[in-house]
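Number of protein chains: 6
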Amino acid sequence: MGLKAETRDRLKTVSTATLATALYKRGLRSQFIQDVKPLNPALPVMVGEAFTLRYMPAREDLNPITVFQNPEHPQRKAVEICPAGAVLVMDSRKDARAASAGSILISRLMMRGVAGVVTDGGFRDAAEIARLAIPAFHSRPSAPTNLTLHQAIDINVPIGCGDAPVFPGDVVVGDGDGVMVIPAGIADEIADEAVEMTAFEDFVTEQVLAGRSIRGLYPATDPQTKVDFEAWRKQTGR
Amino acid sequence: MGLKAETRDRLKTVSTATLATALYKRGLRSQFIQDVKPLNPALPVMVGEAFTLRYMPAREDLNPITVFQNPEHPQRKAVEICPAGAVLVMDSRKDARAASAGSILISRLMMRGVAGVVTDGGFRDAAEIARLAIPAFHSRPSAPTNLTLHQAIDINVPIGCGDAPVFPGDVVVGDGDGVMVIPAGIADEIADEAVEMTAFEDFVTEQVLAGRSIRGLYPATDPQTKVDFEAWRKQTGR
Amino acid sequence: MGLKAETRDRLKTVSTATLATALYKRGLRSQFIQDVKPLNPALPVMVGEAFTLRYMPAREDLNPITVFQNPEHPQRKAVEICPAGAVLVMDSRKDARAASAGSILISRLMMRGVAGVVTDGGFRDAAEIARLAIPAFHSRPSAPTNLTLHQAIDINVPIGCGDAPVFPGDVVVGDGDGVMVIPAGIADEIADEAVEMTAFEDFVTEQVLAGRSIRGLYPATDPQTKVDFEAWRKQTGR
Amino acid sequence: MGLKAETRDRLKTVSTATLATALYKRGLRSQFIQDVKPLNPALPVMVGEAFTLRYMPAREDLNPITVFQNPEHPQRKAVEICPAGAVLVMDSRKDARAASAGSILISRLMMRGVAGVVTDGGFRDAAEIARLAIPAFHSRPSAPTNLTLHQAIDINVPIGCGDAPVFPGDVVVGDGDGVMVIPAGIADEIADEAVEMTAFEDFVTEQVLAGRSIRGLYPATDPQTKVDFEAWRKQTGR
Amino acid sequence: MGLKAETRDRLKTVSTATLATALYKRGLRSQFIQDVKPLNPALPVMVGEAFTLRYMPAREDLNPITVFQNPEHPQRKAVEICPAGAVLVMDSRKDARAASAGSILISRLMMRGVAGVVTDGGFRDAAEIARLAIPAFHSRPSAPTNLTLHQAIDINVPIGCGDAPVFPGDVVVGDGDGVMVIPAGIADEIADEAVEMTAFEDFVTEQVLAGRSIRGLYPATDPQTKVDFEAWRKQTGR
Amino acid sequence: MGLKAETRDRLKTVSTATLATALYKRGLRSQFIQDVKPLNPALPVMVGEAFTLRYMPAREDLNPITVFQNPEHPQRKAVEICPAGAVLVMDSRKDARAASAGSILISRLMMRGVAGVVTDGGFRDAAEIARLAIPAFHSRPSAPTNLTLHQAIDINVPIGCGDAPVFPGDVVVGDGDGVMVIPAGIADEIADEAVEMTAFEDFVTEQVLAGRSIRGLYPATDPQTKVDFEAWRKQTGR
């Protein structure tokens, strides 16, 4: 169990748009984390299993700045125990009025080998995070400390993030369009299908840029399209 | 421990507005469940300890209509185990596009002696619920079954409801203005203070309706106000 | 073709919540017109085939008050040609900042035998409309004339209303929870199923109000429930 | 200067919808206070000159509960100096997460002869306010004290309320649809025009309820309509 | 008829801000497509006549992935028939939760000589589209296929886009601020006026950057400003 | 009095995130201007005292394009009198549907030595403003002239901006995360504290990037951390 290395590698070569279509074909329409974007769009595709952190609204008396002195504070603990290769996904209730985390914690995640971090709220120190070599996705920058509005309450439970359901172990993929969540049980087959779809889409793109109409080509309702695609695969070794 | 009968009784005589002010004086500014209203405004004040249900976004493959055949389904289980005298508070992520529950479940809560039910989403069968003798608060009516968008996932964990933090055991009070959440540890003192405040506010209201200015009266910066209030208390036995 | 009289009659006896569940079982999750409510909740259930009016944003030079002198103005024309028994459904782009219609037009619809009127915007003269004997649903009252923001542009084309798809001829049902849209082709079977479901729900409600647990009862996983239900049907003649 | 008694009387007989159309004809499209509703829809039409109160976001250190001990606190002062016959209009930045005022202050306004009160936020003690004989309009009930989010900062300056511009002295009219703001300088002519329009609309309504088509009737493009209307005016003395 | 080549050329030299002011002077206040931005801000100004595509909310049974096999599917057909030099404007009901189109279709538009593409929803494959030499404007990236929420239903009808009215043939101009819609009938005069305004604004900018006050300069209430401007025009040949 | 040069210099070396935490420790949770971003993120940190401009909703008859011919028009006047070194902060009621200002006015502010400009609405000519050497923050670009929706009404009064309270003379600091507002009376102490915090955070970042755990380090609950930090300060001269 767990995310196979080859599945991870395959997913790194496909787009969230292609994955969305593959999931759509299986009746899954809600797996896109709405309204988050990469802080550094130049990084490679983010892939990893979801490790989650749940925030609830902060109550003032429970959230003095001193709470972080407790090494078991869920936000800090999550940063130290999120597995290497996983993606830390935070349920911030789509509220970016205070930060979900800042550059120090995300630097620590990067150093620990975590594959990425996602919040449906906002990060502080956004410019610094954008310079780190770890993919990070949020809604918009937010300077206030998380204590202002968010209390970290649960680690690695099922959550919502940007209106998408996220279960621990789901496979999370992020690129310039945002973040898709693949249910753990179908990650392998979705990866396979998406790699196939990507080959076809690359072929189609080449054809379109060469002047061909999408009629009969995309989708491949004209039998000639399939012939041409097979030839292209041979030629390109895909 | 737990909510004392006398505290419950006192809270039934005060308003959420008065409670909000008492909590504000202690630095608690986020205890109002935003944007919910009573389905039947004519019922008495709702008071009870919070028993919570957490929803996450629904994933289509996990939410066929058959899930309710499982007696352990968290929504159905919560309805059967929520203690009499408690208030069932649902975290529906402020999403009323599908229902949090309907009239049959709320009828069952009423029959079991539950003190009330709150969601930051919506209820279906709203007209029928409005005719039941159990206080219910929601954002707006919503016909679609909860499975459409909401998957019940956790019972009696800390949640957010209408942007307010709700911990199991917190004391929940609801009236025409909406719902306030009193941290469990200060419920007794808040109840006492609110009863005192209510006496003063009733006195002030009487004075104002008799034509007196609020200057010096509300707040009682004129010493005569305190004299008059004491006389009023004696006279009215409050 | 068209809505059968017996289907109409059956739909008048069921709730939008029950219809939503029946549609959900068929994979239709988007048929609830979000965020509209009845102006007069005391009227019977609204049932009729959709006849649509599409508004686009108003351009100032095209919408002087004089446009209504044109008898072919789509808003006025729609009011005069919407068939008796149909429901006039307006796509106001969920914008209630200006009215979709007012009491005079809705009075005319009522006199012409139209079964109801729905907008995902707002009506003006809301208090007067609430006194008419025609079901009307909107988001909230809105005094400004439709010309302020809405230009009627198309009659009886497929539209969106409150994020629901509405095709001319779809069967529209409205009650206290709001409005459901049943695809024309399945109206009969949905009506039949909903009548059956309603009988069962009425039985369940009776049982619950008599103190029975929902476990095994709702859904009927306990075989005794089915036995009891059959007995109840005989007894009640349903 | 000031609102003439006869203009006030005329405005009490017309609707905000009619006024909106009269203003629309003069190019004024933004005079409707968006998204407010009467707490007691059964009261007569509210009419009065605007007297304004401006709130800004509250800063915690400036808003302890003790600020109300200052008799010059703008919220309390506004309540004591708003002229009889005027309407107190509050700019709460469309934020109903905390109250703009409560029943005691609004009782005082009523006793002082103020004609009404409007906020684009919310009132606390909404159920009590709804029982007072002063028209009050808000977005929704809100229990938290105004200090939580609102600091009263300016009295009788030009403000925005529900996205409408409100200048001191503008004539404010409220009914079941909400609240319209008439620029002071055209209040008389708008009142006259609206009374005329109302007569015609009442005639039209009568005709429509008698079965007449709106074609040629509304607007009166058929010359016969004008003839009939004149006859109706004579008959009804309007 | 249609957009003149010289008008197109002129519009390529002006900004949407200048056009907005020219339209404002004619009483047109709603011609800005709200909340869209260019995917590639480095491209030249987009200019072309509007060719429209209308989406409605998707119904699940009508939108299996196989619908694209139909060459007449309106989305695919629009891409193949939108005239060279036109701008394809999509009414996606301001809903970016699913894509309006992706890189393959937009590549095809580019190859066909289409002048640009606008949606008030979102595009998928946003990073790839940003590298194409065709101006594209949207609200934000969105990975899910359009079928998830959008059904293409009408080609080249009047639509709303970002709350702006768009009629087929209107002249659409886009730059870093977003997209303006010029009614077809006044495109020539607006272009002329905007070119004149741009000359003056360029002169003003030069003056301001040289240290001159805006008083008397912008607008040119000081007669000397007009003298200086005329001299500048001669000098610069504009 | 006023902002000391050394406080200004110190504030230029710290981040809004650090300032937010320092303010949070003093109970100030609302000082972040929500949802604004820099047009040019590459500029240095913006620091200056707030000089404010308040907009109200525009009334059509008061806002013809000719109003700018009045040299006392508050928008134009504010641009000419805002002190050098100050930050012009505009209350645009969080409404970016029309512009708050454009490149000519902001060029003039730059030439006059103004330290920056902030609106909770949008600027027009955004691409040009982004090339100026003055920090500017807004919500999003917006082409329409301010007259379309905004009437400048007051100069240098207390305002709200992005839900934050802003008093004239407050110290405004802006960077990649957005804009913080420091109450004037505590600017010096906040600057001192933030410089200290920044030193520690820089040390922590270095340690984390060298592989150290945040446990005991951030916050410095491990005594060794304090020892190491002191050594680092000596070594780095901070």
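Chains as they are written, first to last, in the numbering used here: chain A, 1 to 238; chain B, 239 to 476; chain C, 477 to 714; chain D, 715 to 952; chain E, 953 to 1190; chain F, 1191 to 1428. Note that the Cβ used here is the ideal one computed from N, Cα and C, for glycine as well. In this text the structure is predicted, and so the values were computed from the model without any measurement.
inquiry  = Runs of 3 residues minimum, wholly inside the stretch 108-191 of chain A: which ones carry the beta strand (DSSP E) assignment?
reply    = List check, beta strand (DSSP E) in window: 116-119, 136-138, 150-155, 159-161, 164-166, 171-175, 178-182.
key: Closest residue to residue 1009(E) among 567(C), 481(C), 575(C), 544(C) (Cα-Cα distance)   = Against the fifth sequence, residue 1009(E) aligns to sequence position 57. The shortest CA-to-CA distance from residue 1009(E) to any of 567(C), 481(C), 575(C), 544(C) is the one to 567(C).
ask   = Between residue 1011(E) and residue 504(C), which are expected to be in contact by the criterion C-beta below 8 angstroms, what is the C-beta distance as a whole number of angstroms?
value = Within the fifth sequence, residue 1011(E) is the residue found at index 59, counting from 1. Within the third sequence, residue 504(C) is the residue found at index 28, counting from 1. About 7 angstroms separates the two Cβ atoms, so the contact holds.
task = Mark residue 131(A) as exposed unless 16 or more other C-beta atoms lie within 10 angstroms of its C-beta, in which case mark it buried.
result = Taking the first sequence and counting its residues from 1, the one referred to as residue 131(A) is at position 131. By the neighbour-count criterion, in which a residue is buried when 16 or more other Cβ atoms sit within 10 angstroms of its Cβ, residue 131(A) is exposed.
ask   = Excluding the five sequence neighbours on either side, which residues of its own chain have a C-beta within less than 7 angstroms of the C-beta of residue 782(D), listed in chain order?
value = Counting from 1 along the fourth sequence, the entry for residue 782(D) is found at position 68. Cβ within range, chain order: 790.
task = Report all residues from its chain with a CB closer than 6 angstroms to the CB of residue 220(A); omit the five preceding and five following residues, and keep chain order.
result = Position 220 of the first sequence holds residue 220(A). 226.
request  = Quick one: grab the DSSP three-state call for residue 257(B).
outcome  = The count along the second sequence starts at 1 and reaches residue 257(B) at position 19. Residue state, collapsed to three classes: helix.
request  = In the DSSP assignment, find the beta strand (DSSP E) that holds residue 273(B) and state where it starts and stops.
outcome  = Reading the second sequence from its first residue, position 35 is the one you call residue 273(B). In the DSSP assignment, residue 273(B) falls outside any beta strand (DSSP E) and carries neither an H nor an E.
key: Whether residue 512(C) touches residue 615(C) by CB criterion (8 angstroms)   = On the third sequence, position 36 is the one that residue 512(C) refers to. On the third sequence, position 139 is the one that residue 615(C) refers to. Result yes, Cβ atoms of residue 512(C) and residue 615(C) sit closer than 8 angstroms.
ask   = Is the stretch 658-667 of chain C in contact with the stretch 1131-1139 of chain E, if contact means three or more CB pairs nearer than 8 angstroms?
value = Counting Cβ pairs under 8 angstroms, fewer than three are found: no touch.
task = In angstroms with no decimal places, state the Cα-to-Cα distance between residue 1041(E) and residue 1113(E).
result = Residue mapping note: residue 1041(E) aligns to position 89 of the fifth sequence, counting from 1. Residue mapping note: residue 1113(E) aligns to position 161 of the fifth sequence, counting from 1. Between residue 1041(E) and residue 1113(E), the C-alpha separation is close to 7 angstroms.
inquiry  = In the DSSP output, which residue or residues are listed as bridge partners for residue 532(C)?
reply    = Along the third sequence, one-based indexing puts residue 532(C) at 56. DSSP lists 627(C) as partners of residue 532(C).
task = Could you please give me the residues that DSSP links to residue 90(A) through a beta bridge?
result = In the first sequence, residue 90(A) corresponds to position 90, counting from 1. Per the DSSP secondary-structure output, residue 90(A) pairs in a beta bridge with 53(A), 119(A).
ask   = Just the Cα atoms here: how many angstroms apart are residue 1000(E) and residue 337(B)?
value = Here the question's residue 1000(E) lines up with position 48 in the fifth sequence. Here the question's residue 337(B) lines up with position 99 in the second sequence. Roughly 46 angstroms separates the two Cα atoms.
request  = May I have the straight-line CA-CA distance separating residue 1332(F) from residue 1304(F), to the nearest angstrom?
outcome  = Taking the first residue of the sixth sequence as position 1, residue 1332(F) is located at position 142. Taking the first residue of the sixth sequence as position 1, residue 1304(F) is located at position 114. Looking at the two C-alpha atoms, the distance is approximately 22 angstroms.
key: Beta-ladder partner(s) of residue 1053(E), from DSSP   = Against the fifth sequence, residue 1053(E) aligns to sequence position 101. In the DSSP output, where bridge partners are listed per residue, residue 1053(E) has 1075(E).
query = Using 8 angstroms as the limit for Cβ to Cβ distance, is residue 319(B) near chain D?
reply = Start at 1 with the first residue of the second sequence, and residue 319(B) comes out as number 81. For residue 319(B), the answer is no, since every Cβ of chain D falls outside 8 angstroms of its Cβ.
request  = Determine, using beta carbons only, whether residue 290(B) and residue 404(B) come nearer to each other than 8 angstroms.
outcome  = The residue you call residue 290(B) lines up with position 52 of the second sequence. The residue you call residue 404(B) lines up with position 166 of the second sequence. The Cβ-Cβ distance between residue 290(B) and residue 404(B) falls below 8 angstroms.
Residues that residue 1142(E) contacts on chain C, provided the C-beta gap is smaller than 7 angstroms = Along the fifth sequence, read from residue 1 onward, the residue named residue 1142(E) stands at position 190. Residues of chain C with a Cβ closer than 7 angstroms to the Cβ of residue 1142(E) do not exist; the shortest Cβ-Cβ separation is about 13 angstroms.
Close Cβ partners of residue 1359(F) (< 7 angstroms) along its chain, the five nearest in sequence each way excluded = Along the sixth sequence, read from residue 1 onward, the residue named residue 1359(F) stands at position 169. If the five residues before and after residue 1359(F) are omitted, its C-beta is found closer than 7 angstroms to the C-beta atoms of 1239, 1240, 1374, all from its own chain and listed in chain order.
task = Tell me, please, whether the stretch 330-350 of chain B touches the stretch 359-367 of chain B by the rule of three or more beta-carbon pairs shorter than 8 angstroms.
result = The stretch 330-350 of chain B, when compared against the stretch 359-367 of chain B, does touch it at the 8 angstroms Cβ threshold.
Distance, residue 992(E) Cα to residue 965(E) Cα = The count along the fifth sequence starts at 1 and reaches residue 965(E) at position 13. The count along the fifth sequence starts at 1 and reaches residue 992(E) at position 40. Cα atoms of residue 965(E) and residue 992(E): separation of roughly 18 angstroms, rounded to the nearest angstrom.
request  = Answer yes or no: do residue 94(A) and residue 61(A) have a C-beta to C-beta separation smaller than 8 angstroms?
outcome  = Sequence index remark: in the first sequence, residue 94(A) carries index 94 (1-based). Sequence index remark: in the first sequence, residue 61(A) carries index 61 (1-based). For the 8 angstroms CB-CB criterion, residue 94(A) and residue 61(A) do not form a contact.
message = Need the endpoints of the alpha helix (DSSP H) that residue 723(D) sits in, please.
response = Residue numbering aside, residue 723(D) sits at position 9 when the fourth sequence is read from its first letter. For residue 723(D), the enclosing alpha helix (DSSP H) begins and ends at 719-725.
ask   = Excluding the five sequence neighbours on either side, which residues of its own chain have a C-beta within less than 7 angstroms of the C-beta of residue 746(D), listed in chain order?
value = As a first step, residue 746(D) must be located in the fourth sequence, where it is residue number 32. Spatial neighbours of residue 746(D) in its own chain (CB-CB distance under 7 angstroms, excluding positions within 5 residues in sequence) are listed in chain order as 734, 878, 892, 894.
ask   = In whole angstroms, what is the alpha-carbon distance linking residue 480(C) and residue 318(B)?
value = Within the third sequence, the letter at position 4 stands for residue 480(C). Within the second sequence, the letter at position 80 stands for residue 318(B). Straight-line Cα distance between these residues: approximately 42 angstroms.
request  = Using a cut-off of 9 angstroms between C-beta atoms, extract the partners of residue 510(C) located in chain E.
outcome  = Looking up residue 510(C) in the third sequence gives position 34. By Cβ distance, chain E contributes nothing, its closest Cβ being about 10 angstroms from residue 510(C), past 9 angstroms.
request  = State the start and end residues of the unbroken alpha helix (DSSP H) segment that holds residue 792(D).
outcome  = Along the fourth sequence, read from residue 1 onward, the residue named residue 792(D) stands at position 78. Run containing residue 792(D): 788-795, per the alpha helix (DSSP H) assignment.
query = How would you write the range of the alpha helix (DSSP H) that residue 461(B) sits in, first residue to last?
reply = What you label residue 461(B) is simply residue 223 of the second sequence in a count that begins at 1. First-last of the alpha helix (DSSP H) with residue 461(B): 461-474.
query = Can you give the beta carbon distance from residue 240(A) to residue 15(A), rounded, assuming they're within the 8 angstroms contact cut?
reply = Residue 240(A) is absent from the structure shown; chain A starts at 1 and stops at 238.
inquiry  = To be precise: take each residue of the stretch 1237-1259 of chain F, compare its Cβ to all Cβ atoms of chain E, and keep it if any distance is under 7 angstroms. Which residues remain?
reply    = The stretch 1237-1259 of chain F vs chain E, Cβ under 7 angstroms: 1255, 1258, 1259.
inquiry  = At the level of alpha carbons, what is the spacing between residue 443(B) and residue 466(B)?
reply    = Counting from 1 along the second sequence, the entry for residue 443(B) is found at position 205. Counting from 1 along the second sequence, the entry for residue 466(B) is found at position 228. Rounded to the nearest angstrom, the two C-alpha atoms are 13 angstroms apart.
ask   = When you check each C-beta in the stretch 257-272 of chain B against every C-beta of chain A, which residues fall closer than 8 angstroms?
value = Under the 8 angstroms Cβ criterion, the stretch 257-272 of chain B contributes 264, 265, 266, 267, 268, 269.
ask   = Using CA coordinates, which residue listed in 436(B), 301(B), 371(B) is at the minimum distance from residue 471(B)?
value = Against the second sequence, residue 471(B) aligns to sequence position 233. Residue 436(B) is the option with its Cα nearest to residue 471(B).
task = Please list the residues of the stretch 422-452 of chain B that have a C-beta atom closer than 9 angstroms to any C-beta atom in chain D, keeping them in chain order.
result = So the list reads 439, 442, 443, 446, 447, 448, 449, 450, 451, 452, given in the order they occur along the chain.
query = What residues from chain D crowd round residue 1289(F), counting only those whose CB sits closer than 9 angstroms?
reply = The sequence position of residue 1289(F) within the sixth sequence is 99, counting from 1. Neighbours of residue 1289(F) on chain D: none; closest Cβ ~17 angstroms, over 9 angstroms.
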